[in-house]
Every structure is written in structure tokens, then in C-alpha cells.
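In my numbering, the protein residues as written are 4 to 374.
First the structure, in the form of C-alpha cells, and then the observations on it.
Here you go:
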């Protein structure tokens with residue numbers, strides 16, 4: 004052995020390390036020096052390694068010592084003027100590596116399934132947590148679809164995320180649905196009330212007149228009264244039909260250039276006849292020429308409804324003041340009366356269908372609250 008080489012090997016590989024070894028051969032393949040922990044007879048220099056060394060190539064080999072202990076060996080040539088002078092062979096036992104691989108294999112076969120199960124459970128938990136708002140949305144929509152609770156709303160936890168925005172949008176939609184259903188119920192109730200009253204009057208008058216023989220004048224009075232009730236019901240049904248078409252956007256406006264002042268003057272003249280029967284004056288305070296683009300039929304109906312309501316709820320001896328002004332892009336039509344007025348608490352409801360304030364609920368005044 005070369006002096007000091009074992010000591011250098013121990014400093015590099017570690018003292019008492021039996022898993023690593025070295026051997027140095029001369030150019031003929033004879034062992035010149037080796038570490039103390041190796042028995043060269045158990046695996047001599049192979050012919051393949053020696054042939055590669057003659058070519059100046061490193062070789063890598065794996066041997067089984069005693070048929071069961073694997074070692075990994077690298078053989079490196081030392082050349083001088085392209086002639087093989089020495090071979091250096093360094094090896095290490097693979098038992099520790101194989102043991103590590105075996106332990107790792109056991110760990111993988113035992114730990115990986117556990118990790119996968121835990122990951123699956125965690126993923127399921129997170130998925131259920133993430134999908135819980137969607138489940139609430141589905142359940143709420145199902146309840147509404149079954150007609151159970153229209154006042155239910157979806158809890159909104161995080162407004163910033165997509166589910167929060169979806170919940171807000173659906174809640175707004177449900178608000179509109181609830182209001183629509185409430186209006187439909189009120190609409191049906193009020194429509195039934197408005198139609199039931201004249202039908203009751205018709206039935207009562209006809210039963211009364213048929214209860215015993217009457218003279219022709221009494222029959223004429225009953226028929227005239229019945230005709231008034233029929234006209235009233237026809238007006239209610241016509242208004243309902245117009246509203247229905249309006250809700251479905253089936254009313255097509257025939258807009259064209261027109262003079263609004265002429266239309267207002269004409270409607271006021273027709274209304275003076277109705278106002279004169281109640282000793283009510285219609286005063287045209289100021290009518291300015293205003294050119295607009297509008298539907299003459301619908302505008303005439305609108306002005307007539309306002310004047311008619313003013314006359315209807317103004318006491319005898321009162322007056323209505325009408326004025327029209329050009330406001331640039333708009334026309335300002337003002338109709339003021341000295342009627343019974345509208346209490347402040349009823350102002351938010353004046354545009355509700357069938358709505359009439361308590362002072363005006365009597366059918367003696369006529370009207371259905373649809374104008």
C-alpha cells in the first residue's frame with residue numbers, strides 16, 4: 004500500500020467507513036495499493052473495465068459480493084503520453100442506498116394513500132364550503148318556484164366575490180318578483196271589487212223591477228241605470244286592456260310633429276261642458292305655443308283624464324287653472340284645481356293602479372283609479 008493513502012482516504016470518506024473502498028492498479032492490471040476494508044479476491048478487475056481504461060474511458064459497474072451485497076464501482080484510467088500507467092478504482096456498497104429506497108418505498112405505499120385520503124376529504128370539505136351559497140340559492144329558488152316563500156332572500160357573506168354578486172342580483176330579482184306578485188294580487192282584488200259593485204247593482208235593480216209589474220217609465224229608468232253601469236264596466240275593462248298591452252310593450256305610439264297648445268285648447272273646450280254641470284270654471288291662464296313630437300291620441304287621453312279628475316273632485320263653484328309653457332327641451336303643462344286635495348300620506352300611492360284616496364272612494368264620483 005502507498006504510505007499515507009489510507010489516512011487520506013479516511014479523512015475524505017470518514018473513519019471506520021466500511022461501505023467505501025479504493026484500489027490502485029498498475030498499467031498491467033495488478034493491484035498496487037488498496038484500502039484495508041476490501042478483499043480484492045471477491046471481485047477482481049473486470050476485463051471490460053480494463054479494456055475501457057486502455058481506451059482512456061471511465062467505466063461504471065455493479066457487483067454482488069458473496070452473491071447478496073451489491074457494490075457500485077467506478078474505474079478511472081491514468082494515462083501518460085496516451086499510455087496506461089495506472090488505474091484508480093473507487094467503490095461503495097449499495098446496501099444503505101437500497102435500504103433507504105426500501106424505506107422510501109414503504110413510506111410511499113403507506114403515506115401516499117393516507118395523504119390522498121386526507122387531501123380528498125379536505126377537498127370535499129372546501130368544495131362543500133364553496134358550494135354552500137349555491138345550495139342556498141338553489142333551495143331559495145326552489146321554494147319560490149313552489150310558491151312557498153316569496154319573501155325569502157339569499158344571505159350575502161362576501162359582496163366582493165362572484166357568488167356575492169350573484170346573490171345580490173338574485174335578491175334584487177326576488178324583490179321585483181315579490182312586488183310584482185303583490186301588485187298582481189292587489190290588482191286582481193281591486194279589479195274584482197270594481198266589477199263586482201256594478202254587477203251587484205245590475206242584479207239588484209233587475210230583480211227589483213221584475214218583482215212586480217211596473218209602468219213603462221220605471222222600466223226606462225232601470226234600463227238607463229243599467230246602461231250607466233254597463234258603460235262603467237266597459238270603461239274599466241277597456242282601461243285594463245290598455246294597461247295589459249302597455250305592460251307587454253304592445254302599445255305602439257304614433258309620434259309625429261304637432262302643436263300641443265291646440266290640443267290643450269280643444270280638450271279644455273270639451274271639458275267645459277262637464278265642468279258647467281257642476282258650476283266649475285276652467286280658466287286658461289296661459290297657453291304658450293309648444294311644438295312637440297308626440298302621439299296625439301295618447302296625449303289627448305292624458306290631458307282629458309287630468310281635467311276629468313279635477314272636475315270630479317272639485318266642489319261646485321270651484322275652478323281649474325290650465326297653463327302651458329315652453330321649457331326648452333320640455334313642455335310644462337300645469338292643471339291646478341280647488342278640489343278636495345290629496346293627503347300627504349297618500350301622495351306616494353297616487354300612481355298605483357285602482358288607488359283612490361278615502362275622500363274619493365265613493366263610486367258616486369265614478370272612475371276606477373286606472374286613469
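All residues carry an ideal CB built from backbone N, CA and C; glycine is no exception.
Opposing strand residues paired with residue i [DSSP bridges]
{"i": "residue 80", "result": "90"}
{"i": "residue 68", "result": "72"}
{"i": "residue 96", "result": "74"}
{"i": "residue 260", "result": "296"}
{"i": "residue 322", "result": "284"}
Nearest-angstrom Cα separation, counted from residue j out to residue i
{"i": "residue 2", "j": "residue 126", "result": "Given a span of 4 to 374 for the chain in the structure shown, any question on residue 2 remains unanswerable."}
{"i": "residue 198", "j": "residue 166", "result": "47 Å"}
{"i": "residue 329", "j": "residue 291", "result": "7 Å"}
{"i": "residue 280", "j": "residue 191", "result": "34 Å"}
{"i": "residue 69", "j": "residue 40", "result": "15 Å"}
{"i": "residue 110", "j": "residue 130", "result": "29 Å"}
{"i": "residue 177", "j": "residue 136", "result": "16 Å"}
{"i": "residue 183", "j": "residue 156", "result": "16 Å"}
{"i": "residue 354", "j": "residue 217", "result": "45 Å"}
{"i": "residue 263", "j": "residue 205", "result": "41 Å"}
{"i": "residue 100", "j": "residue 94", "result": "13 Å"}
{"i": "residue 54", "j": "residue 91", "result": "14 Å"}
{"i": "residue 128", "j": "residue 164", "result": "19 Å"}
{"i": "residue 171", "j": "residue 159", "result": "7 Å"}
{"i": "residue 236", "j": "residue 189", "result": "18 Å"}
{"i": "residue 196", "j": "residue 232", "result": "14 Å"}
Whether residue i touches residue j by CB criterion (8 Å)
{"i": "residue 96", "j": "residue 22", "result": "yes"}
{"i": "residue 80", "j": "residue 56", "result": "yes"}
{"i": "residue 294", "j": "residue 260", "result": "yes"}
{"i": "residue 302", "j": "residue 274", "result": "no"}
{"i": "residue 350", "j": "residue 267", "result": "no"}
{"i": "residue 89", "j": "residue 30", "result": "yes"}
{"i": "residue 154", "j": "residue 175", "result": "no"}
{"i": "residue 66", "j": "residue 46", "result": "yes"}
{"i": "residue 140", "j": "residue 119", "result": "no"}
{"i": "residue 52", "j": "residue 38", "result": "no"}
{"i": "residue 258", "j": "residue 234", "result": "no"}
Cutoff 8 Å; reference residue i; Cβ partners in own chain excluding five residues on either side
{"i": "residue 283", "result": "314, 317, 319, 320, 321, 322 and 323"}
{"i": "residue 60", "result": "80"}
{"i": "residue 212", "result": "221, 222 and 225"}
Chain-order list of residues whose beta-carbon lies under 6 Å from that of residue i (same chain, five-residue window excluded)
{"i": "residue 5", "result": "Since pLDDT at residue 5 reaches only 46, below the 50 mark, its modelled position is unreliable, and the value read off the structure follows with that caveat. Answer for residue 5: 36, listed in chain order."}
Close Cβ partners of residue i (< 7 Å) along its chain, the five nearest in sequence each way excluded
{"i": "residue 341", "result": "317, 321 and 322"}
{"i": "residue 287", "result": "271 and 325"}
{"i": "residue 299", "result": "261 and 266"}
{"i": "residue 87", "result": "30, 56, 57 and 80"}
{"i": "residue 82", "result": "59 and 88"}
{"i": "residue 338", "result": "309, 310, 313, 323 and 325"}
{"i": "residue 285", "result": "271, 274, 275, 278, 323 and 325"}
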